[in-house]
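**Q** Below is one structure. I have some questions about it.
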Amino acid sequence: MLIVVVGILLWAPALFVQAAPLRGVQMPLFAFAAQFAAGFPLASKVVALLVLLGEAFLLNYIVQQHQLLTKKSWLPALLTVVLGSATADLLQLSAPLLALLPLLLALHVLAGTYRLNSAFSQVFNSGVLISIAALIYLPAAIFLVFAFAALVLLRPFIWREWMILLFGFLLPWIYVSVWYYWHDNLAVFYRDLVLQPVLQRDFFLKLPAEAYPLTAIVGLLLLTAIGRFVAGSGTATMKTRKGISLMNWFLFTGLLALLPAQHFGAATLLPVLPPLAFVTANYFLLARRLWMAEVLFGILILAVIIGYKPWL
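Take the position in the sequence shown, starting the count at 1, then add 2; the result is the number in our numbering.
Below is the structure:
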């Protein structure tokens with residue numbers, strides 16, 4: 003309940019101020035959400051908050067279900083809500099936010115294949131989920147690399163699983179391609195929605211001045227958390243270490259997804275939100291100096307409030 007209250011408080015400014023819509027070409031599955039956001043801006047922000055809360059609780063479930071942390075806690079969900087609401091331009095319905103939901107489901111499905119005798123259906127489903135995410139937000143297609151890395155980490159080499167994963171990823175794209183072909187727009191789809199946005203993307207990270215404190219504290223948190231994470235990883239079980247490696251690949255793939263992104267803003271960093279929340283939650287849980295962890299969390303909330311300054 004506290005997590006929901008925190009989310010409502012952090013999203014309260016979005017209910018009174020209209021943010022500039024995120025730039026970028028809309029993929030087919032996001033076009034419907036974009037029309038809804040344009041016609042019903044207030045309702046779309048409520049939906050966006052519900053999506054973020056759902057993703058936060060889903061991540062928390064994944065962490066507990068697959069024993070990624072040594073202690074049960076709601077911290078991954080709390081940090082997902084705080085970091086996912088950290089800047090003003092995150093407080094709206096965006097393609098990366100919606101795409102993160104099927105990506106988290108793919109993470110859960112792939113993590114569940116550990117030590118299974120047969121995982122054909124799970125591998126196929128994960129490929130479909132990543133493909134759906136890509137049809138919402140094109141850079142999410144990079145997470146196919148994450149799926150293959152998961153097979154290497156968690157599964158013995160079974161060539162049929164690799165082929166099933168690839169087929170599962172291609173199947174939604176085949177359906178979409180056939181639909182555009184029937185409407186004589188196949189070339190337009192791949193040129194205007196797939197190739198040109200990537201070729202003409204913005205290579206520069208543009209952060210407003212009010213985002214500097216938030217960037218600094220998140221960077222400090224990440225460095226501190228990774229140091230604590232590495233120091234305590236040797237005592238974890240084999241399943242936990244496999245899960246940690248899986249989250250590392252999720253983080254790496256999320257950073258790779260920045261390369262084809264049309265612009266570099268806070269929303270394009272949403273794919274790295276789950277591993278970032280996971281690592282920092284581990285630090286807060288295992289911090290030897292509790293007062294230091296509390297101070298860092300307080301500074302994080304302060305940096306978020308400073309980021310809202312243009313809206314206040």
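A virtual CB, placed ideally from N, CA and C, is assigned to each residue, including glycine. Keep in mind it's a predicted model, so treat the numbers as computed, not measured.
1. With residue 165 as the anchor, note down where its alpha helix (DSSP H) starts and where it stops.
2. Would you identify the three-state DSSP class for residue 38, choosing helix, strand or coil?
3. Give me, in chain order, the residues of the same chain whose beta-carbon lies closer than 6 Å to that of residue 16; leave out the 5 immediate sequence neighbours on both sides.
4. Evaluate the contact criterion for the segment 123 to 134 versus the segment 165 to 185: three or more CB pairs, one atom per stretch, below 8 Å.
5. Helix, strand or coil for residue 18, going by three-state DSSP, please let me know.
6. Any idea if residue 60 is buried or exposed, counting beta-carbon neighbours within 10 angstroms, 16 or more meaning buried?
7. Cβ of residue 112 within 9 Å of Cβ of residue 53?
8. Determine the burial state of residue 119: buried for a count of at least 16 other Cβ atoms within 10 Å of its Cβ, exposed for fewer.
9. From which residue to which residue does the alpha helix (DSSP H) around residue 280 run?
10. Cα-Cα, which of 96, 11, 89 is closest to residue 39?
11. Within 10 angstroms of the Cβ of residue 176, are there 16 or more other Cβ atoms? Answer buried if so, exposed if not.
12. What residue range does the alpha helix (DSSP H) around residue 145 cover?
13. Assign residue 113 to one of three DSSP states: helix, strand, or coil.
14. Which residues bound the alpha helix (DSSP H) around residue 52?
15. Taking the continuous alpha helix (DSSP H) assigned at residue 251, which residues delimit it?
16. Counting Cβ pairs closer than 8 Å, one from the segment 149 to 167 and one from the segment 258 to 265, do we hit at least three?
17. In chain order, what residues of the same chain lie with their CB nearer than 7 Å to the CB of residue 65, ignoring the 5 residues before and after it?
18. Looking at the structure shown, is residue 71 part of a helix, part of a strand, or coil, going by DSSP?
19. Between the C-alpha atoms of residue 248 and residue 74, what's the straight-line distance to the nearest angstrom?
20. Cutting at 6 Å between CB atoms, please list the residues of its own chain near residue 121, excluding the five before and the five after it.
**A** Short version:
1. If you number the sequence shown from 1, residue 165 lands on position 163. Boundaries of the alpha helix (DSSP H) around residue 165: 161 to 184.
2. The residue you call residue 38 lines up with position 36 of the sequence shown. Helix at residue 38.
3. Position 14 of the sequence shown, counting from 1, holds the residue named residue 16. So the list reads 47, 93, once near-sequence residues are dropped.
4. yes
5. On the sequence shown, residue 18 is found 16 positions in, with the first residue counted as 1. Residue state, collapsed to three classes: coil.
6. As a position in the sequence shown, residue 60 is number 58, starting the count at 1. Classification for residue 60: buried.
7. Translated into the one-based positions of the sequence shown, residue 112 becomes position 110. Translated into the one-based positions of the sequence shown, residue 53 becomes position 51. Against a cut-off of 9 Å, the Cβ pair of residue 53 and residue 112 comes out as no contact.
8. Walking along the sequence shown from the start, residue 119 turns up at place 117. Exposed, since its Cβ has fewer than 16 Cβ neighbours within 10 Å.
9. Locating residue 280 in the sequence shown gives position 278, where the first residue counts as 1. Element bounds for residue 280: 275 to 288.
10. Within the sequence shown, residue 39 is the residue found at index 37, counting from 1. Out of 96, 11, 89, 96 has the C-alpha closest to the C-alpha of residue 39.
11. Mapped onto the sequence shown, residue 176 falls at position 174. Looking at its Cβ environment, which holds fewer than 16 other Cβ atoms inside 10 Å, residue 176 is exposed.
12. If you number the sequence shown from 1, residue 145 lands on position 143. 145 to 156 is the span of the alpha helix (DSSP H), which, as asked, contains residue 145.
13. Position 111 of the sequence shown, counted from the start, is the residue given in the question as residue 113. Residue 113 falls in the helix class under three-state DSSP.
14. For this step, residue 52 is matched to residue 50 along the sequence shown. 43 to 67 is the span of the alpha helix (DSSP H), which, as asked, contains residue 52.
15. Residue numbering aside, residue 251 sits at position 249 when the sequence shown is read from its first letter. Unbroken alpha helix (DSSP H) run through residue 251: 240 to 258.
16. no
17. Along the sequence shown, read from residue 1 onward, the residue named residue 65 stands at position 63. Here the set comprises 71, 78, 280.
18. Within the sequence shown, numbered from 1, the residue matching residue 71 stands at position 69. If DSSP states are grouped into helix, strand and coil, residue 71 belongs with coil.
19. To locate residue 248, count along the sequence shown from 1; it is residue 246. To locate residue 74, count along the sequence shown from 1; it is residue 72. Whole-angstrom Cα-Cα distance: 19 Å.
20. The sequence position of residue 121 within the sequence shown is 119, counting from 1. Correct list, in chain order: 115.
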